Amino acid sequence: MKNQSNSAGNGTPPRTGDLVPKWINLNIVAQDISFFVIGLIAALIVGWAIFPALLYSKQPQPMNFNHALHLDSEIVDGIDGDTPQEKCESCHWFRDDGSFSGIPKLDMCTGCHDDPESPLGEAPEEKAFLVNYVEPEKQIPWFVYSKQPDCVYFSHIAHVKMGEIACTTCHGDFASNKKLPLYVENRLTGYSQSIWGKNISGIYLNKTYADRMKMDDCARCHTEKGQEQNNACFVCHK
Amino acid sequence: MKKSNDHGKPETGHESTNGSGQKYGMVIDLDKCTGCGTCMVACAAENNVSVRADQSDKERVITWMRLYKISNGKKFPHTEVSYFPRPCMHCDHHPPCVSVCVATATKLDFNTGIVSQIYTRCIGCRYCQAACPYGARYFNWWDSFPQDKGMDRYLTPEVSPRMRGVVEKCTFCHHRLMRAKNQAYAEDRRELEEGEYITACTEACPAQAITFGDLNKPDHKVSQLIKHPYAFRLLDRLGTEPKVYYLSSRDWVRKLADNFLPGEYEPVVNRTWAEDEWSTKPGRDEF
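Respectively, the protein sequence lines represent chains A and W. Note that the numbering used here has the first sequence beginning at 19, numbered continuously upward. Note that the numbering used here has the second sequence beginning at 552, numbered continuously upward.
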């Protein structure tokens, strides 16, 4: 404003060669832009780094479970099947009524780990497991990575058996895991991070279905597979 | 229905909402209904319907299946009473509640004929409640099951409990359809057989007054019962096309099911049914 009044008072017309009108003070503009950039960077740091770190709690599972070891049919009896899916179903099986058993209960473990005194392997986790859970016959309070909100209905048998979709399509590759990942829970909603996905912005460049488990992902797959009728509300909601 | 034709409306018949899909429907025989209320209890227990300390407050209490008592209004000894179980009618094609919903929280599923209600999507505006001509929708004025009182231990895990501020209604025990489908998938089939999916009220009714099945399948019992001359629907002439049918041999009951001008109602015995049509229709007792 000061410059503008000065130039008007002097009566000198702005030079035609200037790219910037004379009443704009470039120093102030540079200052404004730098303030904006600093504020933007600060806001991004808060929004993309500090807030997610505060929002999600990271909890280890009550004990480790070595999927890779247990899926080796040379080490573990009863892990049969030619396909990876059949191997998964050795422990995560379907009941006769078509419902899914989910994470095995303790009696599945004690089928082999039956004697608390004599561990089958060398791992210290196994000893702790025998002492803490097998001896007192206590169920392991696993955290379920893919636990959906209460309003969601999901039929495993419809997807795995009738839709012929591999377990890894949605759950990722758990079979080769030697160590269980941390359970990351949203402190506000109480839902697992596997539902929303690791990227807080929700943007994935090479998106796979194992990245997250939101309603849009279910609908996208239904549409891609030509099963649009399954996008009706009362298919996945209860 | 024949009655609709009399009033110049197009014959919609009972064709599918979607040619390949199912169209689940219910037939309630009012002559068999004793008014015991087992359907209401079974429904509430099955679907986690909330209860209140004072269940006599009929404006606030939630009953997906409600039993009405109707009377012919005559004095003794001519008094007659009939009981009237009323679930959600699951109107076909254009349910009044669906078109008014601003949040798309309720939809007619063209593959099953079931009108859905998604509680997490409902914003509680209650337009659907106002639009429903049957009063089948209920609003949750309170949180239904307090977590710390231990009542949540008695919930059906297949039905999500509702929160305060949303509308709920009968879903034809939709989770039972999902359960039946899972069973079918386990047995390597996609088609359900008759009787594999029935609602809780159908199963519980001690008088077997309620029949449930697929209206698209001519061999299902419901498809045959709705062709009976005694079959009628509630407020049929509104054009909501309910998938819940009633049977009653009493004319005054059928007359109360709709709003007739004086002299407009035509008793069943006076209606012009072709002789062969009467004889080919299976009687209710034959089932």
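Glycine included, every Cβ here is placed at the ideal spot set by N, Cα and C. A quick note: this is a predicted structure, and the numbers were derived from the prediction, not measured.
Say yes only if the C-beta of residue i is nearer than 7 Å to one or more non-hydrogen atoms of the ligand SAM, and no if none qualify.
i	result
residue 194 of chain A	Ligands in the displayed structure: none, and consequently the ligand SAM is not present.
Is the shortest distance between the beta-carbon of residue i and the beta-carbons of chain A less than 8 Å?
i	result
residue 698 of chain W	no
residue 711 of chain W	yes
residue 575 of chain W	no
residue 610 of chain W	no
residue 662 of chain W	yes
residue 766 of chain W	no
residue 665 of chain W	yes
residue 737 of chain W	yes
residue 733 of chain W	yes
residue 670 of chain W	yes
residue 794 of chain W	no
residue 819 of chain W	no
residue 772 of chain W	no
residue 644 of chain W	no
residue 729 of chain W	yes
residue 658 of chain W	yes
residue 498 of chain W	Since the first residue shown for chain W is 552 and the last is 838, residue 498 of chain W is missing from the structure and cannot be characterised.
residue 641 of chain W	no
residue 725 of chain W	yes
Excluding the 5 residues flanking residue i on each side, which residues of the same chain have their C-beta closer than 6 Å to its C-beta?
i	result
residue 599 of chain W	706, 707, 710, 712
residue 646 of chain W	659, 666
residue 159 of chain A	80
residue 750 of chain W	723, 724, 763
Tell me which residues share the same chain as residue i and place their Cβ nearer than 7 Å to its Cβ, disregarding the 5 neighbours each side in the sequence.
i	result
residue 236 of chain A	254
residue 703 of chain W	696
residue 792 of chain W	563, 642, 643, 644
residue 93 of chain A	87
residue 809 of chain W	786, 787, 788
residue 612 of chain W	603, 606
Exposed or buried, which one is residue i when buried takes at least 16 other CB atoms within 10 Å?
i	result
residue 689 of chain W	buried
residue 153 of chain A	exposed
residue 83 of chain A	buried
residue 67 of chain A	exposed
residue 693 of chain W	exposed
residue 157 of chain A	exposed
residue 691 of chain W	buried
residue 111 of chain A	exposed
residue 723 of chain W	buried
residue 222 of chain A	exposed
residue 657 of chain W	buried
residue 91 of chain A	exposed
residue 54 of chain A	exposed
residue 650 of chain W	exposed
Under DSSP, the alpha helix (DSSP H) around residue i begins and ends at which residues?
i	result
residue 733 of chain W	725-737
residue 50 of chain A	44-63
residue 241 of chain A	233-242
residue 647 of chain W	647-651
residue 592 of chain W	589-597
residue 776 of chain W	772-776
residue 108 of chain A	102-109
residue 754 of chain W	751-755
residue 682 of chain W	678-682
residue 125 of chain A	124-127
residue 86 of chain A	85-88
residue 644 of chain W	First-last for residue 644 of chain W: undefined, no H or E at that position.
residue 609 of chain W	Taken as a continuous stretch (DSSP letters only), residue 609 of chain W belongs to no alpha helix (DSSP H), as it is neither H nor E.
What are the residues that DSSP puts in a beta bridge with residue i?
i	result
residue 617 of chain W	W:637
residue 622 of chain W	W:632
residue 77 of chain A	A:201
residue 795 of chain W	W:577
residue 666 of chain W	W:659
residue 210 of chain A	A:203
residue 255 of chain A	A:170
residue 782 of chain W	W:798
residue 718 of chain W	W:690
residue 112 of chain A	A:118
The beta strand (DSSP E) that contains residue i, what's its start and end?
i	result
residue 578 of chain W	575-580
residue 763 of chain W	761-765
Which residues in the same chain have their Cβ closer than 8 Å to the Cβ of residue i, if we skip the five residues on either side of it in sequence?
i	result
residue 211 of chain A	74, 202, 203, 204
Nearest chain W C-beta to residue i closer than 8 Å, yes or no?
i	result
residue 247 of chain A	yes
residue 229 of chain A	no
residue 180 of chain A	yes
residue 183 of chain A	no
residue 114 of chain A	yes
residue 175 of chain A	yes
residue 240 of chain A	no
residue 251 of chain A	yes
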